[in-house]
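Enquirer: Just passing along the structure, written as C-alpha cells.
Number of protein chains: 2
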Amino acid sequence: MSFQAATDEFAKRKKTDLTHRINQAMGAELADLVIKNVSLLNVVTGTIDISDVAITGNTIVGTYGTYHGRKEIDGTGLTAVPGFINTHLHVESAKITPDQYDRLALPHGTTTAICDPHEMANVLGVPAIEYFFKSAKNTLMDLMVQLSSCVPATMLETSGARIDAEELAKLRNHPKTIGPAEFMDIGGVLGKEDRALDKLVAFQDGMIDGHLPGITGFALNAMLACGILNDHESTMLAEAQEKLRKGVQILIREGTICKDLGVLWPLINERTSPFFSFCTDDRSPLEIVREGEIDHMIRTAIRFGADPKDVYRVASWSAAQSFGLHRDTEKWQKRGLIAPGYKADIVLLNDFQNCTINSVIKNGKVVTEESFKARPHVEPIGYNSIKIRKMLPDDFKIPAGEPGEIQDVIGLIPGKLVTEHLRLSVPEKDGFLVPDASNDLLRIAVIERHGKNGNIATGFVKGFGFTSGAIASSVGHDSHNLIVVGASEEDMALAVNTIRANQGGYAVVKDGQVLGSLALPVAGLMSDKPFEALHDEAKALRDAAKGIGSSMEDPTMMLAFLPLCVIPNLKLTDFGPVRFVAGQDSGPVLLKDQRGSRPSALVA
Amino acid sequence: MSFQAATDEFAKRKKTDLTHRINQAMGAELADLVIKNVSLLNVVTGTIDISDVAITGNTIVGTYGTYHGRKEIDGTGLTAVPGFINTHLHVESAKITPDQYDRLALPHGTTTAICDPHEMANVLGVPAIEYFFKSAKNTLMDLMVQLSSCVPATMLETSGARIDAEELAKLRNHPKTIGPAEFMDIGGVLGKEDRALDKLVAFQDGMIDGHLPGITGFALNAMLACGILNDHESTMLAEAQEKLRKGVQILIREGTICKDLGVLWPLINERTSPFFSFCTDDRSPLEIVREGEIDHMIRTAIRFGADPKDVYRVASWSAAQSFGLHRDTEKWQKRGLIAPGYKADIVLLNDFQNCTINSVIKNGKVVTEESFKARPHVEPIGYNSIKIRKMLPDDFKIPAGEPGEIQDVIGLIPGKLVTEHLRLSVPEKDGFLVPDASNDLLRIAVIERHGKNGNIATGFVKGFGFTSGAIASSVGHDSHNLIVVGASEEDMALAVNTIRANQGGYAVVKDGQVLGSLALPVAGLMSDKPFEALHDEAKALRDAAKGIGSSMEDPTMMLAFLPLCVIPNLKLTDFGPVRFVAGQDSGPVLLKDQRGSRPSALVA
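The structure is reproduced here in C-alpha cells:
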C-alpha cells in the first residue's frame, strides 16, 4: 500500500481498527470476543497453558492474560489450537464447487486451504482459475488458489485448454494466489524445454510448488536448483528422508487413493516438525464426510504414535511458514499461531488427542451454518462441456491383428495409481478382439470430449473384477476426457451416453439398464448441488458399482486415474496406450498412435 | 517481474542460468564450484553427513551426491554450515562505514546482516538511509537496510532530522529493505498518537521490527496486536519466555554493553530453535576484531551448553524464516540452508564446536581480501555535521540555586544502559555548582550540534571514576548531540573543541592537553578509514581514557548512552534532565527545561 493509500478511507479504517486492537489488548475496552479459561496448546513452546484469548475483529489481540468481551465463550475443558492448513488439494476431487468445499472442510478445522484448480483448468483454461479466484473471494475459509502450471500435463493427450507461461504470469499478482501449482513437467525441466523453463523463469522470484514422485538423486537436485520448494508426492520413507535432507518442505498426503501418512509419520519429530505439513491432494467427498480432512490426519498421526505437540505444529505454523503465510504481506495476514497480531483462526477441541472438534473460529467469528448462508452466491461455469455425438457400440470395436498377437493390457494394482504393463493374448471373435470377463479382462476406451478432434482410443484392462455391464466417467486425469470400461460394447455406449445426457459425471450400466448415475455438470467434474446431496448421490453410485460385481471399494475413482499417463506404467489417453517406466523412460511414451484409426466422436 | 520482463535480456540470462543449474545439478556439466567431501551440518535434520556441495553461480545446485567442478575445494575434515545472519545491528556502533563493516564481519561468517541506520538517520534523515542503500548495493554480504522508524526517538531532544510516515512509506519498495526498523515509540502506540499509528498503518501489510525492553503483559499484547513481529531487547529469562509464548521472534543480542546471551541461551532447544536468532545491536569495533560477531555468539552459546545443532539453526535458517528470507521473493533469493536452490552462502569450519572459521563462501565465491578490493567505492556522506561555535569554559557553568538545594544526578551502573536517578547536594563555589571529583561527582553537558538551536544542557553524573580531565563524544544516542563529562570546565571546552576540529568523534583531555582523540567525520559517527586503522585509533583512545583514571573498561561507550532517554531512569538531552521510570512513567519526562537558559552554541 502506498502512503497515498494510507491517507484514504481504507487507511482511516485501519487506524480505527488499530485503535480498537490497542484498547482491547490493554483491557481498556471490552474485546469483541473472548475465549475464557481455555487450554491453549502452544505450538511454539509445546506447552498447554490455561489462558483467555481476546479477539478484535479478525485478529487475536491478547493471550496469557485475563480479558472480558462483548461476547464470551467458556473455554473451560476445551483445548485451543491454531486453525489447520491444507497445503495442497484439488477441490474438484471432492466433486463439489469451492463454496461447498468451504462448507464441508471449514467445520473440520481447515481455516486455510491451498488448492490447485488443475482439473477444471484442463477443461476450461484460465477461466477456471478465475472462477476459483471469484469463489475464493467469498469463501469463509482462506482459499488460496495456486496457478495450475501444467495445462496440459503432457503432449500425449487432448486437453480442453492450454495455459502458457505468459498467461500464468499475468495471474501472479492476484491476492488469492501464492504462486504456480505443482510443477509436474519434470521431463520438460530436465530436457530444458522452453515450455517448462519459460514458466520457471517467470516465477523465479516466487514460491513454486513441486510434484516429485519418486524423484531422487541428481534429478531431485536439478528440480530444486530451479526453485521447486515443496513436494507432496513422497510415498516411501527413504524418498522423503532424502528430500528432507535436501531442504524440501514435505507435504504429507492423505488422499483417497494415495495414503502416505502411515509411511511418513515417523519422520515428524521435534527437530523436523517445521519442515512438514499436511495435505489431501485428491480426497473423495465420501471420505471427507465420513472421516474428516486435516483433522483426520491429525488424529491418525497421533494414533500412529506421533507427538501431538509436533502434529498440531505441522498442521498450523509449519504449514504457514512453509508458504510464507506466517508473515503479513500485501496479500495476506499472518497466521499459524494463537498469538497477538495473528489472524484469529482457532479450532476449539473437546479432546486434543482425538482432535474432536467443538467449534471453529474463522477470522474472529464462530463458524455456523448461518455464516455460510450469508456468503454471496457465485455462479458456477463450465456447463455443457461434454462435446460428443451419441456413441454407438461399434465405436468401441477393436479389429484383431495377426493371429495370437500379444496385446498391451493395463493391470490394476489395488490402492495404487501405478499400474502394471501386462502383455497378454486377448480372445478374438469375428475378426475383433473381445473382452474376457471370466478372466477379469475388460474393454476400456477414452473419448476426447472437448470438441477438439473426437479421438477414440481403446484397449484392455485387468483388475476391475466385474463380469458384466460398464462404468463410465467424465473425470479422467488430467485432461478429463471420457473414460469407460465394460464387458459389452452396448453397455459402454449407454454409459457414455448417460454422461452425455447429464453433461458430465459417472454412470453404471448393466444389461441395457442404467443402475446409477451421478451428474457432474460443472466442467464435467463437479456437482452444483450442496455437498450433502452430492454425498448421497455418490454413495448411491458406489452401491450401483458394487451391483455390477466390482470387488473394488470405489471403482469410479480408479477409473478416473487410468488416463493419467505421468504415472507408471501403462495408461490410456485419447491418443492411445501410453507407457511410462520410472527410471527408464524420461517421460511418457505413446505406444500406438490410434488417432484417426476410427470415426471421430465430434458432434456432427 | 512481469511476463514482459520475462522475455527480455534479463530473462534470457535467467534461462541460461537455469540451464547451467540443471546441467550441473545433473552432473552433465562440471559445476562452477564444488566443495568435496565436506561434513555437512544439516540444520534441518540435525545430522552431520559427508557430502559434496555443488554450486552454479550464486546458487547451490547439488548436495548428497558426488560432483566435479571447474574449481574444487577439498572439504575433508571441514564442517560446512549455512552462512550466519545478524538479525539486528547499527553499523554505526562499529564506528565504520558499511563497506568496512562488510570487510570486517563477512570473514566472520556473517553473510547477511539486517541493519538499522538509525544513528546516521537521526543526524541526516532520509539521505542516511539512501547512503546505506547505496552502500548495500556494493557490499559482498547481503546488507538489508531497515527503515529507521523513530527519527527522532523522542520529542525531548533536538535531532538533526525527522522522518515521517510518508517519507518512510516511500522507501518501502527498495530492494534492500525488509521493513521498518525497531519500532521504539511504544508511548506513541499505547497513547494511540498519530505519529505512531500512521507509521504502523503504512506498514500493516509488512514486517515490523520491534523494540520491547521490559514490555510485558497487556502492553506487550497491544504492541504485538499492532503487528510488531520480533524483539531484541529481552534481558531477563522470564521476559523472553513470555514473549516466546506470545509468538514473538526473539533476537538474542550480544552487544558491547548489553550482553543477553548468557541469560537467554537456556531457552534455545530443539522445539524452540525456529523462534530464535542472533544479533549484535551495538557492538564496538574492538570487540568485533577481538572476539568476532555472530560466530562469537555461536561459540559462546555452545560453550554455555546449548546444542550445536540448535545453535547453528538459530544462526541461519531460523533467522532467515523469521524475516521471510527463507523464500524467494522479488527482492531476494532464499537462504538459510545448504540445499539445492538456496543462495550459496556457506561457512567452512575447522571445528564446529568452537566455530573456528576456515573460509567463507558468499554467493558462490570464496571471500578473499581481493574480493573486497574489487567492490566499487561508495563516497561517504555527512561530513561537516558538527555545527557549533567554539566552546568556552563558561558555557558549562551552572548557577547555584537555593542554598543546600538537592540536585538530580545521573548515577551510572556498570555494564548497563539503565542509570540511577540520584538526588544529591552538589558543592557550590562563587555562586556556581561545581564538580566534586573526590566524590566521583563530575559535570556533564549536552550541546545541540545539528545547527538547529545550539541548546546547551548541563548536570552532574556519578560513576565515571576519574578525578581530572574530560571526555567528549559526538556519538550520543539517539540524536547524537555532543556530550561531555569532566572535572573542569576548561578541559570540557577543549575536549568539545577537539571534536569540533575533527568534525566528530571522541576526545580525552587532561589539564589542557589532548591525551587522545578519534576522528569520526562521517556524520560525527563513523570513521572513513579502513577498520584496522579505526581499530588502532579506538584502542589508543581507550588507553587515553584509562590515562585520566577512569575505572571503566570503555568510558566513551557509556558516555554515548547518557542522552538516551527512552531508557530508565535519569538521562540528559539538549533540553535538560529527562526521567523515565519503567512501569511508572508512560514515557520520558523532561524534569527541567533548560532551553534558552544560556547562550546558544550556534555558529555566530
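Just so you know, the sequences run in chain order A and B.
By my numbering, the letter at position 47 of the first sequence is numbered 851, and the numbering carries on one by one without gaps.
By my numbering, the letter at position 318 of the second sequence is numbered 1122, and the numbering carries on one by one without gaps.
Ideal Cβ placement from N, Cα and C applies to all residues, glycine included.
Predicted model, so just to flag it, every value in this text is computed and none were measured.
Pairing CB atoms from the segment 1147-1164 of chain B with CB atoms from the segment 1093-1110 of chain B, are three or more of them under 8 angstroms?
Expert: Using a Cβ-Cβ distance cut-off of 8 angstroms, the segment 1147-1164 of chain B and the segment 1093-1110 of chain B are in contact, since at least three pairs of beta carbons, one from each stretch, lie closer than that value.
Enquirer: May I ask you to report which of helix, strand or coil DSSP gives aspartate 1240(B)?
Expert: Within the second sequence, the letter at position 436 stands for residue 1240(B). Aspartate 1240(B) sits in a strand when the DSSP states are folded into three classes.
Enquirer: Examine chain A for any beta-carbon lying closer than 8 angstroms to the beta-carbon of tyrosine 1146(B), and answer yes or no.
Expert: Translated into positions along the second sequence, residue 1146(B) becomes position 342. So yes, tyrosine 1146(B) belongs to the interface.
Enquirer: Compare the C-beta of glycine 869(A) with all C-beta atoms of chain B and state if any pair is closer than 8 angstroms.
Expert: For the purposes of this step, residue 869(A) is identified with residue 65 of the first sequence, where counting begins at 1. Yes, because at least one Cβ of chain B sits closer than 8 angstroms to the Cβ of glycine 869(A).
Enquirer: If you count every other CB in all the chains shown that lies within 10 Å of the CB of histidine 1181(A), and 16 or more means buried, which is it?
Expert: Position 377 of the first sequence, counted from the first residue, corresponds to residue 1181(A). Its Cβ having fewer than 16 others within 10 Å, histidine 1181(A) is exposed.
Enquirer: Counting C-beta neighbours from all protein chains within 10 Å, is the total for valine 1407(B) 16 or more, i.e. buried, or is it exposed?
Expert: Taking the first residue of the second sequence as 1, we reach residue 1407(B) at position 603. Exposed: under 16 other Cβ atoms inside 10 Å.
Enquirer: Going by other Cβ atoms of all chains shown within 10 Å of its Cβ, with 16 needed for buried, is threonine 958(B) buried or exposed?
Expert: Here residue 958(B) is taken as the residue at index 154 of the second sequence, counted from 1. Threonine 958(B) is buried by the Cβ-count criterion.
Enquirer: When you compare the CB of isoleucine 826(A) with every CB in chain B, is at least one pair closer than 8 angstroms?
Expert: Numbered from 1 along the first sequence, position 22 holds the residue referred to as residue 826(A). With 8 angstroms as the cut-off, isoleucine 826(A) counts as an interface residue toward chain B.
Enquirer: Please identify, using Cβ separations under 7 angstroms, the residues of the segment 1124-1137 of chain A that lie next to chain B, in order along the chain.
Expert: Cβ contacts with chain B come from Gln1125, Gly1128, Arg1131, Asp1132, Thr1133, Glu1134.
Enquirer: To the nearest angstrom, report how far apart glutamate 986(B) and cysteine 919(B) are at their CA atoms.
Expert: Residue mapping note: residue 986(B) aligns to position 182 of the second sequence, counting from 1. Residue mapping note: residue 919(B) aligns to position 115 of the second sequence, counting from 1. Rounded to whole angstroms, glutamate 986(B) to cysteine 919(B) spans 10 angstroms at the Cα level.
Enquirer: Identify the residues that DSSP records as bridge partners of isoleucine 1072(A): which are they?
Expert: Translated into the one-based positions of the first sequence, residue 1072(A) becomes position 268. For isoleucine 1072(A), which the question treats as bridged, DSSP gives no partner whatsoever.
Enquirer: Could you give the distance in angstroms between the alpha-carbon of isoleucine 1217(A) and the alpha-carbon of valine 1279(A)?
Expert: To locate residue 1217(A), count along the first sequence from 1; it is residue 413. To locate residue 1279(A), count along the first sequence from 1; it is residue 475. If you take the alpha carbons of isoleucine 1217(A) and valine 1279(A), they lie about 20 angstroms apart.
Enquirer: Could you tell me how far apart the beta carbons of glycine 1168(A) and asparagine 977(A) are, in whole angstroms, since I believe they sit closer than 8 angstroms?
Expert: The count along the first sequence starts at 1 and reaches residue 1168(A) at position 364. The count along the first sequence starts at 1 and reaches residue 977(A) at position 173. Wrong, their Cβ atoms sit about 27 angstroms apart, outside the cutoff.
Enquirer: Contact between the segment 926-941 of chain A and the segment 1184-1201 of chain A: three or more CB pairs below 8 angstroms?
Expert: yes
Enquirer: Per DSSP, which residues does threonine 867(B) bridge with? Please list them.
Expert: Counting from 1 along the second sequence, the entry for residue 867(B) is found at position 63. Val857(B).
Enquirer: Just the chain B side, please: which residues come within less than 9 angstroms of glycine 992(A) by C-beta, in chain order?
Expert: Here residue 992(A) is taken as the residue at index 188 of the first sequence, counted from 1. What glycine 992(A) touches in chain B: nothing, since even the nearest Cβ is about 11 angstroms away.
Enquirer: With the cut-off set at 8 angstroms, would you say glutamate 1097(B) and alanine 1337(B) are in Cβ contact?
Expert: As a first step, residue 1097(B) is located in the second sequence; it is residue number 293 there, counting from the start. As a first step, residue 1337(B) is located in the second sequence; it is residue number 533 there, counting from the start. Taking C-beta atoms as the reference points, glutamate 1097(B) and alanine 1337(B) fail to come closer than 8 angstroms.
Enquirer: Determine whether the beta carbon atoms of serine 1292(A) and alanine 1274(A) lie at a separation below 8 angstroms.
Expert: In the first sequence, counting from the first residue as 1, residue 1292(A) sits at position 488. In the first sequence, counting from the first residue as 1, residue 1274(A) sits at position 470. Yes, these two residues count as a Cβ contact at 8 angstroms.
Enquirer: Helix, strand or coil: which one does DSSP assign to threonine 883(B)?
Expert: Taking the second sequence and counting its residues from 1, one reaches residue 883(B) at position 79. Threonine 883(B): strand per DSSP, three-state reduction.
Enquirer: With H, G and I counted as helix, E and B as strand and the rest as coil, what does DSSP make of histidine 978(B)?
Expert: Residue numbering aside, residue 978(B) sits at position 174 when the second sequence is read from its first letter. Residue state, collapsed to three classes: coil.
Enquirer: Would you mind giving the Cβ-Cβ distance between isoleucine 1210(A) and leucine 1237(A), rounded to the nearest angstrom? I have them listed as a contact below 8 angstroms.
Expert: As a working mapping, residue 1210(A) is identified with position 406 in the first sequence. As a working mapping, residue 1237(A) is identified with position 433 in the first sequence. Their Cβ separation, rounded to whole angstroms, is 12 angstroms, which puts isoleucine 1210(A) and leucine 1237(A) out of contact at 8 angstroms.
Enquirer: Excluding sequence positions up to five away, which residues of its chain have a Cβ less than 8 angstroms from the Cβ of aspartate 1240(B)?
Expert: Taking the first residue of the second sequence as position 1, residue 1240(B) is located at position 436. Closer than 8 angstroms at Cβ, skipping near neighbours: Val1230, Pro1231.
Enquirer: Using a beta-carbon distance below 8 angstroms, is cysteine 1030(B) in contact with chain E?
Expert: Absent from the structure is chain E; the protein chains it does hold are A and B.
Enquirer: For serine 1081(A), report the span of its beta strand (DSSP E) as first-last.
Expert: Taking the first sequence and counting its residues from 1, one reaches residue 1081(A) at position 277. It spans 1080-1083 - the beta strand (DSSP E) in which serine 1081(A) sits, taken as one unbroken run.
Enquirer: Examine chain A for any beta-carbon lying closer than 8 angstroms to the beta-carbon of glutamate 1074(B), and answer yes or no.
Expert: What you label residue 1074(B) is simply residue 270 of the second sequence in a count that begins at 1. True, the Cβ-Cβ gap to chain A drops below 8 angstroms.
Enquirer: Keeping to the same chain, check which residues put their C-beta closer than 6 angstroms to that of aspartate 946(B); ignore five residues upstream and five downstream.
Expert: By 1-based counting over the second sequence, the position of residue 946(B) is 142. Once the five neighbours on either side are set aside, the close Cβ partners of aspartate 946(B) are Thr916.
Enquirer: Does the Cβ of alanine 1178(B) have 16 or more other Cβ atoms within 10 Å, making it buried, or fewer, making it exposed?
Expert: Numbered from its first residue, the second sequence carries residue 1178(B) at position 374. Exposed, since its Cβ has fewer than 16 Cβ neighbours within 10 Å.
Enquirer: How many angstroms separate the CA atom of alanine 932(B) from the CA atom of alanine 898(B)?
Expert: Stepping through the second sequence from its first residue, residue 932(B) is reached at position 128. Stepping through the second sequence from its first residue, residue 898(B) is reached at position 94. Cα to Cα, alanine 932(B) sits roughly 16 angstroms from alanine 898(B).
Enquirer: Using only the alpha-carbon positions, how far apart do valine 1115(A) and aspartate 812(B) sit?
Expert: The sequence position of residue 1115(A) within the first sequence is 311, counting from 1. The sequence position of residue 812(B) within the second sequence is 8, counting from 1. Looking at the two C-alpha atoms, the distance is approximately 46 angstroms.
Enquirer: Under 8 angstroms Cβ to Cβ from leucine 1221(A), same chain only, skipping five residues before and after it: list those, please.
Expert: Position 417 of the first sequence holds residue 1221(A). Result list for leucine 1221(A): Ile1061, Cys1062, Phe1365, Leu1368, Ile1371, in chain order.
Enquirer: Excluding five sequence neighbours on each side, which residues of the same chain lie with their C-beta closer than 6 angstroms to the C-beta of phenylalanine 807(A)?
Expert: For this step, residue 807(A) is matched to residue 3 along the first sequence. Note that phenylalanine 807(A) scores 48 on pLDDT, short of 50, meaning its location in the model is unreliable; the coordinates nonetheless yield the value given after this. Here the set comprises nothing.
Enquirer: Quick one: residues in its chain with C-beta nearer than 7 angstroms to the C-beta of glycine 1208(B), no 5 flanking neighbours on either side, listed in chain order?
Expert: Mapped onto the second sequence, residue 1208(B) falls at position 404. Around glycine 1208(B): Ser1229.
Enquirer: Using 8 angstroms as the threshold, is the segment 1009-1024 of chain B in touch with the segment 1122-1137 of chain A, meaning 3 or more CB pairs across them?
Expert: Taking 8 angstroms as the limit for Cβ pairs, the verdict is that the segment 1122-1137 of chain A does touch the segment 1009-1024 of chain B.
Enquirer: Need the endpoints of the beta strand (DSSP E) that leucine 1374(A) sits in, please.
Expert: Here residue 1374(A) corresponds to residue number 570 of the first sequence, with the count starting at 1. It spans 1374-1377 - the beta strand (DSSP E) in which leucine 1374(A) sits, taken as one unbroken run.
Enquirer: 8 angstroms is my cut-off, CB to CB: does lysine 875(A) come that close to chain B?
Expert: Taking the first sequence and counting its residues from 1, the one referred to as residue 875(A) is at position 71. It does not: the Cβ of lysine 875(A) has no partner Cβ on chain B nearer than 8 angstroms.
Enquirer: Taking proline 1078(B) as the query, report the chain A residues whose CB atoms sit under 8 angstroms from its CB, ordered along the chain.
Expert: In the second sequence, the residue the question calls residue 1078(B) occupies position 274. What proline 1078(B) touches in chain A: Pro1078, Gln1125.
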